[in-house]
Structure formats: C-alpha cells, structure tokens
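Each residue of the sequence shown is one higher than the one before, counting from 1 in UniProt numbering. Every residue gets a Cβ at the ideal spot worked out from N, C-alpha and C, and that includes glycine. Values in this document were obtained by computation on a predicted structure and should not be read as measured data. A short worksheet on the structure shown next.
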Amino acid sequence: MQELMIQIMNQFGYLGVCFLIAVENIFPPIPSEVILTFGGFMTTYTRLTVPGVIIFSTLGSTIGAIVLYWVGTALNPERLETLTKGRLFKILGFEKEDVEKTIGWFDKHGKKAILLGRCVPIIRSLVSVPAGMAGIGMPVFLVYTVIGSTVWNIILVSLGAVLGASWEVVLVYIGKYAAFIKAVLIVAALFLVIRFMWKKIACKEQG
1 MQELMIQIMN
11 QFGYLGVCFL
21 IAVENIFPPI
31 PSEVILTFGG
41 FMTTYTRLTV
51 PGVIIFSTLG
61 STIGAIVLYW
71 VGTALNPERL
81 ETLTKGRLFK
91 ILGFEKEDVE
101 KTIGWFDKHG
111 KKAILLGRCV
121 PIIRSLVSVP
131 AGMAGIGMPV
141 FLVYTVIGST
151 VWNIILVSLG
161 AVLGASWEVV
171 LVYIGKYAAF
181 IKAVLIVAAL
191 FLVIRFMWKK
201 IACKEQG
C-alpha cells in the first residue's frame, strides 16, 4: 500500500497528493501521515513546494469530507427512525431517543468536533458523517473542515520537508499517537456500553 501511494505521488505530483488524500478521507485505513510526510520530503528533490503540497492535500481532504458529509445527510430523520425500529437496534438495546440525543449533542458541539477531529487519526475522516446527520450547514462545515485539515497538513508536510530522507521517522510517532487514540476510543466505547446496559438493568428492576 505504502509503495503504491509513493509511486502515485512521484508520478502525478500535486494531483496524486490531492487524489490520495481525498481517498484517505473516505477510507480511513489509508494513512494520511504517509501521504503528507512523503509529500513534504518530495519538496526537497522535486519542483513541488511545501505550500503547494499543503494546498492540494487540503483540497483533497475537503473533497473526501464532502462525500462523507453527503452520506450523513442521506441518513435523514425518517431513515434514522426506520433504522431504530430495525432488529439490529433492538438486539443492541438502542432506543430512538439515544440516537436523537447523540445528534442533538453533535448539533450543539459539532463545530468543535469538526475542527479538532481533523487533527485526530481515525476520527478525522469519520467526523463528517455525524456532521451531515446533524444538519450542520455546508458553509460552516467547509470552514471548519478547511481550517482543521490545513493545520494537520501543515504539521505533517512541514515535518516531512524538514526531516527529508528520514521522513519515515514521523510514522513511528504518529503510529503511537494513533494507537493511543484507538485505545481511548475502545475504553470510551466500553464505558458507554456498560453505562447503557446498567441503565437498562436498573429500569427493568424498577419496573
């Protein structure tokens, strides 16, 4: 995967960076840190410039984010209501109110989530879906997406340019950062599930 991405970037330059980052936003398993840091390294031996790589990578991030935003908008209240009535939701014990509360929270704090989420592995891609579901306006979504993505891109592209041939060193630290985020998400998910089930048990006992 990494070798293929590097080949695409070497062959297509800015357009390759833009394309790969757009795809990375839609398919999180593709690591943006490889694309961005290697893009920074490319500025040391090609005609590519740091500002150029940052601009095209931000463009790619925005394109990918818009696609997932549209996916979120497709999950309108009617479709969500249908999903909450489905067998899977009933097996998991979720209620319609749970989904509504989640969307309500995102509607209230969504701007911060979009801005900060763009600098967090895994979340940086997925945050676009609930933004669309919560009905956050496209202009607002784009502003926060561009700002957050630009910050992330500046950091990694600049590190790649500074480290040069040693650009892969960044991947080690980003890998640790991503592993920490995954651990936090897992713990948070377990906490929410346990808390949710505890409430369900308490309600049954009271009933």
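Taking 8 Å as the limit between beta carbons, can you name the residues of its chain near Leu20, skipping five residues before and five after?
Position 20 of the sequence shown, counted from the start, is the residue given in the question as residue 20. So the list reads Met5, Ile8, Met9, Ile30, Ile35 and Gly60, once near-sequence residues are dropped.
Which residue wins for smallest C-alpha separation from Tyr45, given the options Val169, Val162, Val129 and Ile26?
If you number the sequence shown from 1, residue 45 lands on position 45. Among Val169, Val162, Val129 and Ile26, the Cα nearest to that of Tyr45 is on Val162.
Val120 by DSSP, collapsed to three states: which one?
Translated into positions along the sequence shown, residue 120 becomes position 120. Of the three classes helix, strand and coil, the one that applies to Val120 here is coil, per DSSP.
What is the rounded straight-line gap between the Cα of residue 229 and the Cα of Lys111?
Outside the displayed span of the chain (1 to 207) sits residue 229, for which this structure offers no information.
Assuming Thr37 and Gly160 make a contact with CB atoms under 8 Å, what is their CB distance in whole Å?
As a first step, residue 37 must be located in the sequence shown, where it is residue number 37. As a first step, residue 160 must be located in the sequence shown, where it is residue number 160. The pair is a contact, with the Cβ atoms about 4 Å apart (cut-off 8 Å).
Got a sec, what are the start and stop residues for the alpha helix (DSSP H) Ser32 sits in?
The count along the sequence shown starts at 1 and reaches residue 32 at position 32. Ser32 to Met42 is the span of the alpha helix (DSSP H), which, as asked, contains Ser32.
Are the beta-carbon atoms of Val157 and Gly39 separated by less than 7 Å?
As a working note, residue 157 is residue 157 in the sequence shown. As a working note, residue 39 is residue 39 in the sequence shown. For Val157 and Gly39, yes; Cβs fall inside 7 Å.
Around the C-beta of Phe56, are 16 or more other C-beta atoms found within 10 angstroms, so that it is buried, or is it exposed?
Residue mapping note: residue 56 aligns to position 56 of the sequence shown, counting from 1. By the 10 Å Cβ count, Phe56 comes out buried.
Could you pull out every residue in the same chain whose Cβ sits closer than 6 Å to the Cβ of Leu92, ignoring the five residues on either side in sequence?
Counted from its first residue, the sequence shown places residue 92 at position 92. Bear in mind that a pLDDT of 46 at Leu92, under 50, signals an unreliable position, so the number given afterwards is only what the model happens to contain. So no residue of the chain qualifies.
Have a look at Tyr14 and Pro51 and give me their C-alpha separation to the nearest angstrom.
Position 14 of the sequence shown, counting from 1, holds the residue named residue 14. Position 51 of the sequence shown, counting from 1, holds the residue named residue 51. Tyr14 and Pro51 have their C-alpha atoms some 11 Å from each other.
Residue closest to Gly72, alpha-carbon to alpha-carbon, out of Val127, Thr49 and Ser32
Taking the sequence shown and counting its residues from 1, the one referred to as residue 72 is at position 72. Measuring from the Cα of Gly72, the nearest candidate turns out to be Val127.
Output needed for Gly117: all residues of its chain with C-beta closer than 6 Å, excluding positions within five of it in sequence on either side, in chain order.
Along the sequence shown, one-based indexing puts residue 117 at 117. Hits under 6 Å: Ile123, Arg124 and Val127.
Would you call Trp70 buried or exposed, if buried means 16 or more other Cβ atoms sit within 10 Å of its Cβ?
As a working note, residue 70 is residue 70 in the sequence shown. With fewer than 16 other Cβ atoms within 10 Å, it is exposed.
Ile136 in three-state terms, based on DSSP:
As a first step, residue 136 must be located in the sequence shown, where it is residue number 136. In the structure shown, Ile136 sits in coil (DSSP, three-state: anything other than H, G, I, E or B).
So, is Val169 buried or exposed, given that buried needs 16 or more other C-beta atoms within 10 angstroms?
Within the sequence shown, numbered from 1, the residue matching residue 169 stands at position 169. Per the 10 Å Cβ criterion, exposed.
Segment limits, alpha helix (DSSP H) that includes Ala65:
Indexing the sequence shown from 1 puts residue 65 at position 65. Val50 to Ala74 is the extent of the alpha helix (DSSP H) around Ala65.
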